[in-house]
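These notes concern the structure reproduced below.
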Amino acid sequence: MMNPHSTSWDYVAAMFSYEFQGGGIDYDTLETLHRGDVREWVEALEHSGLFDGATIADARTQWKRQPRLLLDILLVDADEMTRKRCDMAWISLDRLAPFAQSG
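Once you know that position 17 of the sequence shown is 17 in UniProt numbering, the rest is easy, because the numbers rise by one and skip nothing.
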């Protein structure tokens, strides 16, 4: 299991955090992530050449199980308002998830 305080996570955060800097929130991206669809980010790790197969597999497993971990990485360098908007959107998605699964 990848330690959240490891250097590998720092590199992942550095790769992805630009996406949410400056308020660049995309609700569709949050919704996709909330569903556990982490393909885009896993593929980016694979294509970067920075990570070994075990690290990528571990990230995929953890992010699919707990997509909030990936969101936290994406928000590492985001401003406070962006983090708050993402948190509120995530909470809304948590509330709607049971309805989406039943319908």
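Ideal Cβ positions, reconstructed from N, Cα and C, are used throughout, including at glycine.
Since this is a predicted model, take the numbers as computed values, not measurements.
Quick one: grab the DSSP three-state call for Asp87.
-> Annotated three-state conformation of Asp87 is helix, per DSSP.
Burial state of His47, where buried means 16 or more other Cβ atoms lie within 10 Å | Flag for His47 reads exposed.
Is Ala57 buried or exposed, if buried means 16 or more other CB atoms sit within 10 Å of its CB?
-> Counting Cβ neighbours within 10 Å, Ala57 comes out exposed, since fewer than 16 surround it.
Would you mind sorting Leu96 into buried or exposed? The rule is 16 or more other CB atoms within 10 Å of its CB.
-> Exposed.
Look up Ser102 in the DSSP assignment and say whether it is helix, strand or coil.
-> Confidence at Ser102 is low in this model, with a pLDDT of 49, below 50, so its placement is unreliable and no value can be given for it.
Identify whether Trp9 lies in helix, strand or coil by the three-state DSSP scheme.
-> Of the three classes helix, strand and coil, the one that applies to Trp9 here is helix, per DSSP.
Buried or exposed for Ser102, please, with buried defined as at least 16 other CB atoms from any protein chain shown within 10 angstroms of its CB.
-> Unreliable positioning characterises Ser102 in this predicted model, as indicated by a pLDDT of 49, which lies under 50. The coordinate reading is nonetheless provided below. So Ser102 ends up on the exposed side.
Quick one: using the 10 Å Cβ neighbour count with 16 as the cut-off for buried, is Ile91 buried or exposed?
-> Result: exposed.
Candidates Thr61, Arg85, Phe16, Asp87, of which the one nearest Gly36 by Cα | Answer by Cα proximity: Thr61.
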